[in-house]
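Enquirer: Numbering (the working numbering), first residue to last: 2 to 314.
Starting off with a structure, shown below.
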């Protein structure tokens, strides 16, 4: 059992049955996919839930009705349209998501499926490829193109940061972007060093943030401060449970991370970042080539050489 506190509400998270319709989809995703079929009152409920997700629906049905100005029967119809048998089942799904969003490797170990130990690598590679295929089908091409265009725009500075583990992916992205275009900055892990870079963020700039489950609190606070005081376009790379950063973001990419082991996978994040790198580099290849040529001229060691060879010249 886990306790979550939010706005004075204590939610006790228990393992329980999850609605089969929403088994592989969060309530957030379900609401968004069903939005075209919702009535005006139902969209009002959905917007209220999404505005403070998932805590916005962890009230009684009467409290949610009063807050949204709709009737309790309207809420019942809303959750039914999403595929739930009632408001309690709807809330159980939200609570299950809360529990999953904080799952550690120790908890995931209890549900892992390692498959054939004699062919573990091949089996794992198959799972990884399935996750990448799932990502390609769930991330809209239009959204990918919009984010790529933002990052490729030379008028915008790009700032990048990640969490305890995901900052390695942020580093991977920033190292490549710096070779492609100027004005790319990787925020250091120590928050005491952030203000210097944050003061240079302008409204037209881009902040790319990586944050996966067991989310990092200081990154959410950073997003809140930057969104309020600097107002750049914030791009969040996260998972289906959504980092709290999502409420401050302009673009949110939710990637598959479950791979039926005690450890979540970052294979989709790496593939997504690699695709971004290629797309951004191709946006203005003559400029990219010119920068790469200048970059290589300034390297201490040319590609294929080592420093000792340079010292002999």
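Every residue, glycine too, gets a C-beta built ideally from N, C-alpha and C.
All of these numbers come straight from a predicted model, not from anything done at the bench.
#1: Per DSSP, what are the beta-bridge partners of residue 255 in this structure?
#2: Quick check on DSSP: helix, strand or coil for residue 200?
#3: Suppose you measure from the CA of residue 27 to the CA of residue 98; what does that come to, to the nearest Å?
#4: Is the beta carbon of residue 240 closer than 8 Å to that of residue 228?
#5: Please state whether DSSP places residue 26 in a helix, a strand or coil.
#6: Taking residue 148 and residue 236 to be in contact with their CB atoms under 8 Å, please state how far apart those CB atoms are, rounded to whole angstroms.
#7: Give the DSSP-derived three-state secondary structure of residue 208 in the structure shown.
#8: Could you say if the segment 162 to 169 and the segment 285 to 303 meet the contact criterion of at least three C-beta pairs nearer than 8 Å?
#9: What does a CB cutoff of less than 6 Å around residue 171 pick up in its chain, not counting 5 residues either side in sequence?
#10: Quick test of your reading: residue 83 and residue 152, contact by CB under 8 Å. State the CB separation rounded to the nearest angstrom.
#11: Report yes or no: do the segment 125 to 136 and the segment 174 to 189 share at least 3 C-beta pairs separated by less than 8 Å?
#12: Can you check which of these residues, 115, 121, 119, 60, is closest to residue 91 by C-alpha distance?
#13: Mapping DSSP to helix, strand and coil, what is residue 162?
#14: Taking Cβ positions, are residue 144 and residue 249 nearer each other than 8 Å?
#15: Expressed to the nearest angstrom, what Euclidean distance is found between the alpha-carbon atoms of residue 68 and residue 289?
#16: What are the boundary residues of the alpha helix (DSSP H) that residue 274 is part of?
#17: Please list, in chain order, all residues of the same chain as residue 80 whose beta carbon is under 6 Å from its beta carbon, the five residues on each side excluded.
#18: Name the DSSP bridge partner or partners of residue 185?
#19: Using the C-alpha atoms, what's the distance from residue 285 back to residue 100?
#20: Answer with buried or exposed for residue 24, where buried requires no fewer than 16 other C-beta atoms within 10 angstroms of its C-beta.
#21: Using the Cβ count rule (16 or more neighbours within 10 Å means buried), how would you classify residue 121?
#22: In angstroms with no decimal places, state the Cα-to-Cα distance between residue 230 and residue 258.
#23: Going by the CB atoms, is the gap between residue 266 and residue 123 shorter than 8 Å?
#24: Quick one: residues in its chain with C-beta nearer than 6 Å to the C-beta of residue 272, no 5 flanking neighbours on either side, listed in chain order?
Expert: Looking at the atomic coordinates:
#1: 239, per the DSSP bridge assignment.
#2: Here residue 200 sits in coil by DSSP.
#3: 7 Å
#4: no
#5: Coil, per DSSP.
#6: 6 Å
#7: Strand at residue 208.
#8: no
#9: 161, 162, 163, 211
#10: The Cβ separation is near 34 Å, so there is no contact.
#11: When C-beta atoms of the segment 125 to 136 are compared with those of the segment 174 to 189, fewer than three pairs fall below 8 Å, so the two segments do not count as touching.
#12: 60
#13: Looking at residue 162 - three-state DSSP - the assignment turns out to be strand.
#14: no
#15: 52 Å
#16: 268 to 284
#17: 88, 91
#18: 159
#19: 44 Å
#20: At residue 24, the pLDDT of 48 sits below 50, so the modelled position is not reliable; the number obtained from the coordinates is stated separately. Classification of residue 24: exposed, given that the 10 Å Cβ count is below 16.
#21: exposed
#22: 32 Å
#23: Judged by beta-carbon spacing, residue 266 lies beyond the 8 Å limit of residue 123, meaning their Cβ atoms are not closer than that value.
#24: 133
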